[in-house]
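Asker: All residue numbers for the sequence shown refer to the numbering used here, where the first residue is 382 and numbers rise by one.
In this text, a Cβ means the ideal position worked out from N, Cα and C, and glycines have one as well.
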Amino acid sequence: MVAIIVKLSEHQSSITPFSLNCRTTLAVLYDSAAMPPYCYSPLSSEVSSIRLLRVMPHHDETADVQCELFEYPLQSSQSTHLYEALSYVWGDPDETLPIEVDGTCFNVTTNLYAALLQFRNHSMQRILWVDAICIDQGNQAEKERQIQFMANIYGQATRVLVWLGEAANDSDRVFKEICRVKGREDMTTLEMQRLELAVLALLQRPWFQRIWILQEVAAARNILITCGHRKMEGYVFCSGIESLNISYRTRQDLQRLIRSVTYLIREAPYRPDYSMDNPGGSNLDICPLGGLLDMYQAQKATKRHDKVYALLSMSSDDLRNAGLSPNYTISWEELFQRLLRHLVPNIISIQTCTNREVAIIKSKGRILGKVVSVQMDPARGDRLRMEVALQETLTPTRATGDWSKYWNIQRSAKTIRNGDYVCIFEGSSKPAIIRLHNDYFTIVVMVAVFSDETLRTRESFDHKISLLSKTHSSKEFLLIWDWEDSL
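Right, dumping it as structure tokens:
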């Protein structure tokens with residue numbers, strides 16, 4: 382093996398994928414020309430076959446990364462398997478470093494390289510599932526098949542390893558403060574301000590904004606959060622962040638994003654053993670697809686298609702005939718229109734744009750009432766308590782009246798305001814929330830997802846909604862559903 386010794390100056394050290402001494406440092410890199418590039422062998426015809434990565438141990442944390450890839454049948458009677466699944470952000474695809482896989486050269490992004498260095502054991506092999514390596518990214522058909530098993534892969538791993546990236550911007554201090562139960566009250570105002578800035582910097586890292594991490598942590602039952610050399614159990618991390626009482630005065634969007642992600646992480650210890658009952662994929666049955674899109678439409682994705690595909694396994698909908706299975710050969714406009722036809726079955730017309738996450742819709746529906754007040758649930762930051770004045774006209778001989786109803790619903794990416802309307806679209810069984818703008822409406826919430834407190838009386842609640850939808854006159858709405866506008 383040929384190695385190149387690269388001398389990095391103090392100012393150049395920040396570009397390396399692993400922590401470097403702030404003084405002059407030596408990094409040992411492969412001469413990739415000395416090894417042939419890695420060539421994938423096709424996976425077997427077994428529906429549940431995946432590849433796993435065996436990371437070879439080394440006592441020197443900066444030594445070359447050496448690995449082996451092997452095929453593994455995931456489907457079995459076991460609820461968990463002896464591998465760990467990595468949850469991370471790829472990073473810049475043009476900034477890569479080579480690792481050795483089965484004696485050949487395999488280029489990975491610098492962020493993944495840093496993660497492999499961090500998780501490599503000094504004396505024992507470590508078995509990982511890493512999407513960029515374990516899926517043949519050049520094989521579109523394989524990618525589409527494997528995407529349908531992502532929830533299975535993360536759900537059946539012994540642990541999900543979250544890699545936030547290298548230590549930076551006082552991130553070590555944030556982990557230290559989370560572990561400190563006492564003494565925080567003695568901090569000066571300046572120290573608290575520095576801590577708040579460090580926490581906000583950590584929470585603004587790309588990992589929290591990535592759409593695919595949602596199902597990765599939603600499927601997991603054991604989560605380890607890692608940043609640089611600092612490690613912390615997922616539930617402890619989320620509880621600790623909340624206990625710091627950070628102010629989000631100028632970043633309400635960040636607060637909504639973080640709470641929706643930390644909610645999924647905190648639920649991990651309470652999830653039952655995962656079994657792979659569905660050979661065609663998986664379903665975490667979290668909530669309707671429309672509700673997931675309401676909550677997570679602000680998350681980021683490299684491809685727009687992924688803003689839909691990444692949520693499918695979390696959906697409680699029956700999607701067998703929706704035409705939404707991962708397929709990157711169809712256009713974004715076609716996928717968006719298929720999605721809307723699934724969410725609003727009796728839709729009249731749809732207009733979408735090539736490079737926009739915006740749709741103009743015509744649909745019939747009924748106004749059921751108006752939002753009177755909205756408050757955040759003090760016990761659950763991911764929920765809202767909403768008072769709705771519903772118009773009630775049950776029979777022609779009965780006088781029209783108003784009755785108020787408190788709904789506990791999941792918080793959405795868009796802000797619900799007093800005066801917004803509750804409606805139900807023809808062909809849909811769940812209420813939506815819309816906002817009037819002169820001669821059109823914007824969709825604030827496509828599918829209102831009710832929390833457990835509301836659903837305890839679901840039979841009477843659904844009956845009431847059903848009566849209201851039948852007795853109110855149908856109207857034609859011109860609607861805009863815009864994922865790019867936080868409203």
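Counting only the same chain and skipping the five closest in sequence on each side, list residues whose C-beta sits under 8 angstroms from that of Pro-417.
Answerer: Here residue 417 refers to the residue found at position 36 when the sequence shown is read from its first residue. Excluding residues within five positions, the ones whose Cβ falls inside 8 angstroms are Thr-485, Cys-486.
Asker: Can you tell me whether Met-827 is helix, strand or coil according to DSSP?
Answerer: Along the sequence shown, read from residue 1 onward, the residue named residue 827 stands at position 446. Here Met-827 sits in coil by DSSP.
Asker: In whole angstroms, what separates the C-alpha of Ser-620 from that of Ser-552?
Answerer: In the sequence shown, the residue the question calls residue 620 occupies position 239. In the sequence shown, the residue the question calls residue 552 occupies position 171. The alpha-carbon atoms of Ser-620 and Ser-552 are separated by roughly 17 angstroms.
Asker: Hey, how far is the Cα of Met-649 from the Cα of Val-436?
Answerer: Counting from 1 along the sequence shown, the entry for residue 649 is found at position 268. Counting from 1 along the sequence shown, the entry for residue 436 is found at position 55. The question names Met, but residue 649 in the sequence shown is Ala. Whole-angstrom Cα-Cα distance: 26 angstroms.
Asker: Please state the DSSP three-state secondary structure of Phe-822.
Answerer: One-based indexing of the sequence shown puts residue 822 at position 441. Strand.
Asker: Give the straight-line distance between the Cα atoms of Val-725 and Asp-517, rounded to the nearest whole angstrom.
Answerer: Against the sequence shown, residue 725 aligns to sequence position 344. Against the sequence shown, residue 517 aligns to sequence position 136. Roughly 36 angstroms between the two C-alpha positions.
Asker: Is the stretch 816-828 close to the stretch 702-716, with three or more CB pairs under 8 angstroms?
Answerer: Contact fails: fewer than three Cβ-Cβ distances are below 8 angstroms.
Asker: With 16 as the cutoff for other CB atoms within 10 Å, does Arg-404 come out buried or exposed?
Answerer: Locating residue 404 in the sequence shown gives position 23, where the first residue counts as 1. Confidence is the limiting factor: at Arg-404 the pLDDT is only 29, short of 50, which leaves the residue's position unreliable, though a coordinate-based value still follows. Exposed, because fewer than 16 other Cβ atoms sit within 10 Å of the Cβ of Arg-404.
Asker: Evaluate Ile-711 with the Cβ neighbour count: other Cβ atoms within 10 Å of its Cβ, from every protein chain shown; 16 or more gives buried, anything less gives exposed.
Answerer: Residue 711 sits at position 330 when you count from the first residue of the sequence shown. The residue in question, Ile-711, is exposed, as its Cβ has fewer than 16 Cβ neighbours within 10 Å.
Asker: May I have the straight-line CA-CA distance separating Tyr-677 from Leu-665, to the nearest angstrom?
Answerer: Sequence index remark: in the sequence shown, residue 677 carries index 296 (1-based). Sequence index remark: in the sequence shown, residue 665 carries index 284 (1-based). Their backbone Cα atoms lie some 16 angstroms apart in a straight line.
Asker: Tell me Phe-806's beta-bridge partners as DSSP assigns them.
Answerer: Residue numbering aside, residue 806 sits at position 425 when the sequence shown is read from its first letter. Gly-746, per the DSSP bridge assignment.
Asker: For Ser-696, does the three-state DSSP call read helix, strand or coil?
Answerer: Position 315 of the sequence shown, counting from 1, holds the residue named residue 696. Residue state, collapsed to three classes: strand.
Asker: Can you tell me whether Ile-646 is helix, strand or coil according to DSSP?
Answerer: For the purposes of this step, residue 646 is taken as the residue at position 265 of the sequence shown. Ile-646 falls in the helix class under three-state DSSP.
Asker: Using the rule of at least 16 other Cβ atoms within 10 Å of the residue's Cβ for burial, across every protein chain shown, is Val-688 buried or exposed?
Answerer: Position 307 of the sequence shown holds residue 688. Contrary to the premise, residue 688 reads as Lys rather than Val in this sequence. Buried is the call here.
Asker: Count the other CB atoms, across all protein chains shown, that sit within 10 Å of the CB of Val-617; report buried if there are 16 or more and exposed otherwise.
Answerer: The residue you call residue 617 lines up with position 236 of the sequence shown. Val-617 should be labelled exposed.
Asker: Under 8 angstroms, do Val-474 and Thr-461 count as touching if we go by C-beta distance?
Answerer: In the sequence shown, the residue the question calls residue 474 occupies position 93. In the sequence shown, the residue the question calls residue 461 occupies position 80. The sequence shown places Pro at residue 474, rather than the Val named in the question. No, these two residues do not count as a Cβ contact at 8 angstroms.
Asker: Residues in the same chain with beta-carbon distance under 7 angstroms from Leu-721, minus the five sequence neighbours each way, listed in chain order, please.
Answerer: The sequence position of residue 721 within the sequence shown is 340, counting from 1. Here the set comprises Ile-728, Ile-731, Ala-740, Ile-742.
Asker: Bridge partners of Ile-790, per DSSP?
Answerer: By one-based count along the sequence shown, residue 790 stands at place 409. DSSP lists Leu-765, Phe-831 as partners of Ile-790.
Asker: Have a look at Ser-394 and His-440 and give me their C-alpha separation to the nearest angstrom.
Answerer: Taking the first residue of the sequence shown as position 1, residue 394 is located at position 13. Taking the first residue of the sequence shown as position 1, residue 440 is located at position 59. The pLDDT assigned to Ser-394 is 35, lower than 50, so where the model puts this residue is not dependable; a value taken from the coordinates is nonetheless given after this. Ser-394 and His-440: Cα-Cα distance of roughly 22 angstroms.
Asker: Given that a residue counts as buried once 16 or more other Cβ atoms are within 10 Å of its Cβ, and exposed if not, what is Gly-519?
Answerer: As a working mapping, residue 519 is identified with position 138 in the sequence shown. By the 10 Å Cβ count, Gly-519 comes out exposed.
Asker: Helix, strand or coil for Val-409, going by three-state DSSP, please let me know.
Answerer: Counted from its first residue, the sequence shown places residue 409 at position 28. For Val-409, the pLDDT reaches just 43, beneath the cut-off of 50, and the residue's location in the model is therefore unreliable, although a value from the coordinates is still provided. The answer is strand: DSSP assigns Val-409 an E or B state.
Asker: Could you tell me which of Val-830, Val-555, Tyr-453 sits nearest to Ser-696, measuring between CA atoms?
Answerer: Looking up residue 696 in the sequence shown gives position 315. When each option's Cα is compared against that of Ser-696, the closest is Val-830.
Asker: Leaving aside the five residues before and after Ile-528 along the sequence, list all residues of the same chain whose C-beta is less than 7 angstroms from its C-beta, in chain order.
Answerer: Position 147 of the sequence shown, counted from the first residue, corresponds to residue 528. The answer, listed in chain order, is Tyr-690, Pro-707.
Asker: Are there 16 or more other CB atoms within 10 angstroms of the CB of Ala-495, so buried, or fewer, so exposed?
Answerer: Locating residue 495 in the sequence shown gives position 114, counting from the first residue. Buried.
Asker: Quick one: what's got a C-beta closer than 6 angstroms to Asp-863's C-beta in the same chain, skipping five residues either side?
Answerer: Numbered from its first residue, the sequence shown carries residue 863 at position 482. Taken in chain order, the residues that qualify are Val-739.
Asker: Could you round the C-beta distance between Ser-793 and Val-826 to whole angstroms and report it? I think they count as a contact, below 8 angstroms.
Answerer: In the sequence shown, residue 793 corresponds to position 412, counting from 1. In the sequence shown, residue 826 corresponds to position 445, counting from 1. Right, their Cβ atoms sit about 5 angstroms apart.
Asker: Cβ atoms of Ser-832 and Gln-791: under 8 angstroms apart, would you say?
Answerer: To locate residue 791, count along the sequence shown from 1; it is residue 410. To locate residue 832, count along the sequence shown from 1; it is residue 451. Yes, Cβ-Cβ distance for Gln-791 and Ser-832 is below 8 angstroms.
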